[in-house]
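Chemist:
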Amino acid sequence: LIAEIGINHNGSVKLAKRLIDLAKENGFDYVKFQKRTPEISTPEFQKEIMRETPWGLISYLDYKKKIEFGLKEFKIIDEYCKKIKISWFASAFDIDSQKFLKKFKNRYNKIASAMITNKEFIEFVAKERKMTFISTGMCEMKDIIFAVKTFKKNKCPFILMHCVSTYPCKDENLNLSMIYQLKNKFKCRIGYSGHEATTSPSLIAWLLGAEAIERH
């Protein structure tokens, strides 16, 4: 069971610790964060867009910088997770961020749905040969095929995570039968990354063969 914290901490270590506590209290095995290099991962056309934030009206790039944890914050998170006995890992949104995460020697990697079409990134992560969760939202079957072939070529273990990238996702749009289809097509381990507000779909996903459940 994976609790997706992502960037919901809003750049606050105190809030991140509270979210970690909630995951621990509710029986999750892992918490997952996100790591970005804002200058790289923020699209050029969005960088100067102004938006209202807790810090006032600032550019989207400045906002992304403010909510991004660096080495200091992740060291605190790493120590806190060890203290309360829950593990963590993170999904990177650019190669520099993936290199950054290597500092912590976490058990897993994660390829977010937004990164599955980035072939250079897929290749880079697969070469680590570390167990990787691969989310399949926002992609076509050809993208999943490429990811699977790349990971198998590099002898990197992985779990495909069925995912529908809608926030929140209505139950009727979850397409949980895809779990069964992915398992049969690729003959690999399958998981489920759920964005819905209810809990029953996660149980159904498990019954359909999902070995890992990630909750947003």
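Number 850 in the numbering used here belongs to position 138 of the sequence shown; there are no gaps in the numbering.
Idealized CB from N, CA, C, for every residue including glycine.
Note that this is a predicted model, so its numbers are computed, not measured.
Using DSSP with H/G/I as helix, E/B as strand and the rest coil, what is residue 821?
Modeler: strand
Chemist: Alpha carbon to alpha carbon, what distance is there between residue 816 and residue 928?
Modeler: A direct Cα-to-Cα measurement between residue 928 and residue 816 gives close to 23 Å.
Chemist: Does DSSP put residue 888 in a helix, in a strand, or in coil?
Modeler: coil
Chemist: Of the choices 763, 879, 844, whose alpha-carbon is the least far from that of residue 909?
Modeler: 879
Chemist: Thinking just about the alpha-carbon of each residue, which of 811, 884, 825 is nearest to the one in residue 856?
Modeler: Nearest to residue 856 by alpha-carbon distance, out of 811, 884, 825, is 825.
Chemist: Which whole-angstrom value describes the C-beta separation of residue 772 and residue 761, a residue pair presumed to lie in contact below a C-beta threshold of 8 Å?
Modeler: 5 Å
Chemist: Does the distance from the C-beta atom of residue 741 to that of residue 803 stay below 8 Å?
Modeler: no
Chemist: Which value, in whole angstroms, describes the spacing of the CA atoms of residue 839 and residue 786?
Modeler: 24 Å
Chemist: In chain order, what residues of the same chain have a beta carbon less than 8 Å from the beta carbon of residue 796, not counting five sequence neighbours either side?
Modeler: Only 732, 733, 736 meet the Cβ criterion.
Chemist: Going by DSSP in three states, residue 827 sits in which element: helix, strand or coil?
Modeler: helix
Chemist: Answer yes or no: do residue 830 and residue 844 have a C-beta to C-beta separation smaller than 8 Å?
Modeler: no
Chemist: For the alpha helix (DSSP H) holding residue 900, just list the boundary residues, first then last.
Modeler: Element bounds for residue 900: n/a, residue is neither H nor E.
Chemist: To the nearest angstrom, how far is the alpha carbon of residue 777 from that of residue 788?
Modeler: 18 Å
Chemist: Could you spell out where the beta strand (DSSP E) holding residue 767 opens and where it closes?
Modeler: In the DSSP assignment, residue 767 falls outside any beta strand (DSSP E), carrying neither H nor E.
Chemist: In the structure shown, what three-state DSSP assignment does residue 872 receive?
Modeler: strand
Chemist: Since residue 872 and residue 836 should fall inside the 8 Å C-beta cutoff, what is the C-beta to C-beta distance between them, to a whole number of angstroms?
Modeler: At roughly 18 Å, the Cβ-Cβ gap does not stay under 8 Å, so residue 872 and residue 836 are not in contact.
Chemist: Measure how close the beta-carbons of residue 806 and residue 753 come, nearest whole angstrom, since I'm counting them as under 8 Å.
Modeler: 5 Å
Chemist: In three-state terms, what does DSSP make of residue 879?
Modeler: coil
Chemist: According to the Cβ coordinates, are residue 875 and residue 849 closer than 8 Å?
Modeler: yes
Chemist: Compare the beta carbon distance of residue 858 and residue 834 with 8 Å and say whether it is the shorter of the two.
Modeler: yes
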